[in-house]
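Participant: Going down the list, the sequences are from chains A and B.
281 is the number that my numbering gives the last residue of the first sequence; the numbers go up by one with no jumps.
1281 is the number that my numbering gives the last residue of the second sequence; the numbers go up by one with no jumps.
Just so you know, even glycine gets a beta-carbon here, dropped at the ideal spot from N, CA and C.
There are 2 protein chains.
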Amino acid sequence: MTPAEDAQLALLLEVAGTPKPGNVDRDRDFPDLRFDHFLAGAVGAGPGLRAAQKGAPVGEAFEEAVAGMSQQEGGNTQFGALLLLVPLVRAAVEHPDGKPTPEGVARVVKNTTVEDAANFFRAFDHADVFVDDPPEDAEDLDVRRGSDAIPAVENRGVTLSDVMAMGDDEDGVAREWTTDFERTFWAANRLAELDGPASARGARVYLELLGREPDTLVAKKHGQKTAESVRVRAQQALEAGPEVVEAFADSLVKDGVNPGTTADITAGGLFVALARGEVSV
Amino acid sequence: MTPAEDAQLALLLEVAGTPKPGNVDRDRDFPDLRFDHFLAGAVGAGPGLRAAQKGAPVGEAFEEAVAGMSQQEGGNTQFGALLLLVPLVRAAVEHPDGKPTPEGVARVVKNTTVEDAANFFRAFDHADVFVDDPPEDAEDLDVRRGSDAIPAVENRGVTLSDVMAMGDDEDGVAREWTTDFERTFWAANRLAELDGPASARGARVYLELLGREPDTLVAKKHGQKTAESVRVRAQQALEAGPEVVEAFADSLVKDGVNPGTTADITAGGLFVALARGEVSV
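#1: Roughly how many angstroms separate the alpha carbons of Phe-121/A and Phe-181/A, rounded to a whole number?
#2: I'd like to know whether the C-beta atoms of Asn-1187/B and Val-1281/B end up nearer to each other than 8 Å.
#3: For Asp-1195/B, does the count of other Cβ atoms within 10 angstroms reach 16, so buried, or fall short, so exposed?
#4: Is Gly-107/A near Val-58/A, with beta carbons less than 8 Å apart?
#5: So, does the CB of Val-1043/B fall closer than 8 Å to a CB anywhere in chain A?
#6: Go ahead and label Glu-103/A buried or exposed: buried means 16 or more other beta carbons lie within 10 angstroms of its beta carbon, across all protein chains shown.
#7: List the residues that DSSP assigns as beta-bridge partners of Arg-1028/B.
#8: Going along the chain, which residues of the region 46-59 of chain A sit with their C-beta nearer than 8 Å to a C-beta in chain B?
#9: Determine the chain B residues that contact Asp-36/A at a beta-carbon separation under 7 Å, and present them in chain order.
#10: Within 10 angstroms of the Cβ of Asp-215/A, are there 16 or more other Cβ atoms? Answer buried if so, exposed if not.
#11: Classify Gln-1224/B as buried or exposed, calling it buried when 16 or more other Cβ atoms lie within 10 Å of its own Cβ.
#12: Around the Cβ of Glu-73/A, are there at least 16 other Cβ atoms within 10 angstroms (buried) or fewer (exposed)?
#13: By alpha-carbon positions, which one of Leu-12/A, Thr-18/A, Leu-252/A and Phe-62/A ends up nearest to Pro-242/A?
#14: Can you tell which of Gly-167/A, Leu-210/A and Ala-65/A has the C-alpha that lies nearest to the C-alpha of Gln-235/A?
#15: So what does DSSP say about Asp-148/A, is it helix, strand or coil?
#16: Where Lys-110/A and Glu-94/A are concerned, what is the direct C-alpha to C-alpha distance, given to the nearest angstrom?
#17: Counting only Cβ pairs nearer than 8 Å, list the residues of chain B close to Ala-188/A.
#18: By alpha-carbon positions, which one of Asp-1027/B, Glu-1014/B and Leu-1009/B ends up nearest to Glu-1246/B?
#19: Between Val-43/A and Ala-65/A, how many whole angstroms is the CB-CB distance? I'm expecting something under 8 Å.
#20: Considering just the uninterrupted stretch of the alpha helix (DSSP H) at Ser-161/A, what are its terminal residues?
#21: Quick one: what does DSSP say Leu-53/A is sitting in, helix, strand or coil?
#22: Would Leu-83/A and Val-15/A qualify as a contact pair, given that the criterion is a beta-carbon distance under 8 Å?
#23: Contact criterion: CB-CB distance below 8 Å. Does Gln-8/A meet it with respect to chain B?
#24: Would Met-1/A count as contacting chain B if we go by Cβ distances under 8 Å?
#25: Does the beta-carbon of Pro-1021/B, which I'm using as the reference point, lie nearer than 7 Å to any heavy atom of the ligand PLP?
#26: Going by alpha carbons, who is nearest to Pro-1259/B out of Glu-1239/B, Asp-1148/B, Asp-1137/B and Leu-1207/B?
#27: Given this structure, state the Cα-to-Cα distance separating Glu-1228/B from Phe-1030/B, to the nearest angstrom.
#28: Starting from the beta carbon of Gln-71/A, find every residue of chain B whose beta carbon is closer than 7 Å, and list them in chain order.
#29: Are Gly-146/A and Phe-130/A closer than 8 Å when you measure CB to CB?
#30: Could you tell me the distance, in whole angstroms, from the CA atom of Asn-23/A to the CA atom of His-1037/B?
#31: By DSSP, does Leu-1194/B sit in helix, in strand, or in coil?
#32: Look at the alpha carbon of Glu-1170/B and the alpha carbon of Met-69/A, and state the distance between them as a whole number of angstroms.
#33: For Gly-1055/B and Leu-1049/B, what's the separation of their Cα atoms in angstroms?
#34: Using the Cα positions of Glu-213/A and Arg-231/A, report the straight-line distance between them to the nearest angstrom.
#35: Look up Ala-1127/B in the DSSP assignment and say whether it is helix, strand or coil.
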């Protein structure tokens, strides 16, 4: 498979893995956000992922992927996952053996431009993404302004990697950009070590990621304390086994707690493991 | 979405629908054929579906789709579905409003060539497809010979529609080709009438199709009597409700009875309903 196909498959395997407490998976639909929406999001993201593969700049390919992903009625399904996958696809393409590496993706991040930042802001015009307030000295760069923020992006001359660095305290996807995709590669290594079907490994690694660090989407929506409590419960569920994991999953759905950032990183890890040939389907 | 994207989404929605008695679905894996394999098959079929959209001849696009679909370890996942989807994508592209119609797909079938037939045989080199013996006067056209049969195809000057007409007694997909995709369009109309998420409508229509006509893959593998008994039980399960449907599903899996042709027609119907805008996700 090509890198763009591996990325599309990673999106599908991520959502297929079950149980993934708090997230839509093949056994759990939310009332307005369903498994079908994630399937359509993965199909629609295809042209943007292929654009990244063919050499389009990261920002342009990301905006195209998000626009395509948004052609379904569930809202934001895979924005964060695509923000990891697009630079990872570029890193795979730029590597002589097609393998994404931390060094390769660091280079992709470093080479992003002001134009990439502008296209990143444009992507917010297509999808309703939950984000926090920007830092006080950067209110003109509030991503919720979408393309209206582009003049400020250009005036300040910030690149896409600069934008990510502004958000890496609050956002676990942005933090991947400033840490050479550390948790993504950790997830890929774990996926390679496990046995079983790829989607089942994904569900396991999701839970391990969730038990290691508080999910930043949960922290933004429900506060740091809830995020930390979810982390502890994920760790306990891992130790206790499948029945407790199922109960934990049901309780998060009941409380409307959705660790979406952890799912994004799982998708990134699945891509890396597929592209390195360490996990196959 | 483009016709090729609608086709890819149709493949995914088909396998996501549950319960689909006797087939892999989001709740049921077989030991060697799993949900993940169908996800990878749908991703891999993308380039062939896009080739059909861009104007490649039916046989060439079909072979490319099957080759791509086969880049997974589960074996034949969507061969029959693609044999319906490729001409349907061509019919959609050739229609002024992008809508597949019985007349349009009949024209695509009628215009197939000897070259299309040759590429259809080539597709069998990529996937292990369960088929019956050919008619006695056409042993040189046994599809199991794959590309070895191409000299016979060319000597006899048979087109792809001729090949389908030879198999339409035994094979429900071939029969669609010789009946202007009658059951596919019936399925699309039913999908449009139902309520609920697209994949759930697909599961319902699958069961209705199964209750109306014996599945030809079941007939080939287990005999006409078993196929007819499965048909009757599907009809009874439909009338009795969800619990009986689940029990029916479990019993087919236990007996290794897999109504694959009915699933193929469901995928075709989902494509038509998506492309006509009657079902959305």
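Facilitator: Well, looking at it:
#1: Here residue 121/A is taken as the residue at index 121 of the first sequence, counted from 1. Here residue 181/A is taken as the residue at index 181 of the first sequence, counted from 1. Using only the alpha carbons, I get a separation of about 21 Å.
#2: Here the question's residue 1187/B lines up with position 187 in the second sequence. Here the question's residue 1281/B lines up with position 281 in the second sequence. Looking at the sequence shown, residue 1187/B is not Asn but Ala. Not closer than 8 Å, so no.
#3: One-based indexing of the second sequence puts residue 1195/B at position 195. Asp-1195/B comes out exposed.
#4: Working through the first sequence from its first residue, we reach residue 107/A at position 107. Working through the first sequence from its first residue, we reach residue 58/A at position 58. In the sequence as presented, Gly is not what sits at residue 107/A; that position holds Arg. A distance of 8 Å or more separates the beta carbons of Arg-107/A and Val-58/A.
#5: Here residue 1043/B refers to the residue found at position 43 when the second sequence is read from its first residue. When Cβ-Cβ separations below 8 Å define contact, Val-1043/B makes contact with chain A.
#6: Locating residue 103/A in the first sequence gives position 103, counting from the first residue. Glu-103/A comes out exposed.
#7: Taking the first residue of the second sequence as position 1, residue 1028/B is located at position 28. In DSSP, Arg-1028/B forms a bridge with Asp-1025/B.
#8: Legend: CB atoms of the region 46-59 of chain A lying less than 8 Å from CB atoms of chain B belong to residues Gly-46.
#9: Along the first sequence, one-based indexing puts residue 36/A at 36. The contacting residues are Leu-1013, Ala-1016, Pro-1197, Ala-1198, Ser-1199 and Val-1281.
#10: Along the first sequence, one-based indexing puts residue 215/A at 215. Asp-215/A counts as buried, since at least 16 other C-beta atoms from the protein chains shown sit within 10 angstroms of its C-beta.
#11: On the second sequence, position 224 is the one that residue 1224/B refers to. The C-beta of Gln-1224/B has fewer than 16 other C-beta atoms within 10 Å across all chains shown, which makes the residue exposed.
#12: For this step, residue 73/A is matched to residue 73 along the first sequence. Label assigned to Glu-73/A: exposed.
#13: Against the first sequence, residue 242/A aligns to sequence position 242. Comparing Cα positions, the closest option is Thr-18/A.
#14: Here residue 235/A corresponds to residue number 235 of the first sequence, with the count starting at 1. The option with the nearest alpha carbon to Gln-235/A is Leu-210/A.
#15: What you label residue 148/A is simply residue 148 of the first sequence in a count that begins at 1. For Asp-148/A, the secondary structure class from DSSP, reduced to helix, strand or coil, is helix.
#16: What you label residue 110/A is simply residue 110 of the first sequence in a count that begins at 1. What you label residue 94/A is simply residue 94 of the first sequence in a count that begins at 1. Going by C-alpha positions, Lys-110/A is about 14 Å away from Glu-94/A.
#17: Here the question's residue 188/A lines up with position 188 in the first sequence. Residues of chain B passing the Cβ test: none, with the nearest at roughly 17 Å.
#18: Position 246 of the second sequence holds residue 1246/B. Of the listed residues, the one whose Cα sits closest to Glu-1246/B is Asp-1027/B.
#19: Reading the first sequence from its first residue, position 43 is the one you call residue 43/A. Reading the first sequence from its first residue, position 65 is the one you call residue 65/A. 11 Å between Cβ atoms; not a contact.
#20: To locate residue 161/A, count along the first sequence from 1; it is residue 161. Note, Ser-161/A: alpha helix (DSSP H), 160-167.
#21: If you number the first sequence from 1, residue 53/A lands on position 53. The sequence shown places Gln at residue 53/A, not Leu. Residue state for Gln-53/A is assigned as helix, using DSSP reduced to three classes.
#22: Indexing the first sequence from 1 puts residue 83/A at position 83. Indexing the first sequence from 1 puts residue 15/A at position 15. Taking 8 Å as the cut-off, the beta carbon of Leu-83/A is found no closer than this to the beta carbon of Val-15/A.
#23: The residue you call residue 8/A lines up with position 8 of the first sequence. Judged by the 8 Å Cβ criterion, Gln-8/A is in contact with chain B.
#24: To locate residue 1/A, count along the first sequence from 1; it is residue 1. Output row for Met-1/A: interface = yes.
#25: As for the ligand PLP, it is missing from this structure, which has no ligand bound.
#26: As a position in the second sequence, residue 1259/B is number 259, starting the count at 1. Of the candidates Glu-1239/B, Asp-1148/B, Asp-1137/B and Leu-1207/B, the one whose C-alpha sits nearest the C-alpha of Pro-1259/B is Leu-1207/B.
#27: Your numbering for residue 1228/B matches position 228 in the second sequence. Your numbering for residue 1030/B matches position 30 in the second sequence. Looking at the two C-alpha atoms, the distance is approximately 23 Å.
#28: Translated into positions along the first sequence, residue 71/A becomes position 71. By Cβ distance, chain B contributes Met-1001.
#29: As a first step, residue 146/A is located in the first sequence; it is residue number 146 there, counting from the start. As a first step, residue 130/A is located in the first sequence; it is residue number 130 there, counting from the start. Cβ atoms of Gly-146/A and Phe-130/A: not closer than 8 Å.
#30: If you number the first sequence from 1, residue 23/A lands on position 23. If you number the second sequence from 1, residue 1037/B lands on position 37. Cα to Cα, the separation comes out at about 22 Å.
#31: Numbered from its first residue, the second sequence carries residue 1194/B at position 194. Note: Leu-1194/B maps to coil in three-state DSSP.
#32: Locating residue 1170/B in the second sequence gives position 170, counting from the first residue. Locating residue 69/A in the first sequence gives position 69, counting from the first residue. Each residue's Cα considered, the two are about 40 Å apart.
#33: Along the second sequence, read from residue 1 onward, the residue named residue 1055/B stands at position 55. Along the second sequence, read from residue 1 onward, the residue named residue 1049/B stands at position 49. Spanning the two alpha carbons is a distance of roughly 10 Å.
#34: One-based indexing of the first sequence puts residue 213/A at position 213. One-based indexing of the first sequence puts residue 231/A at position 231. Each residue's Cα considered, the two are about 6 Å apart.
#35: Position 127 of the second sequence, counted from the start, is the residue given in the question as residue 1127/B. Ala-1127/B falls in the coil class under three-state DSSP.
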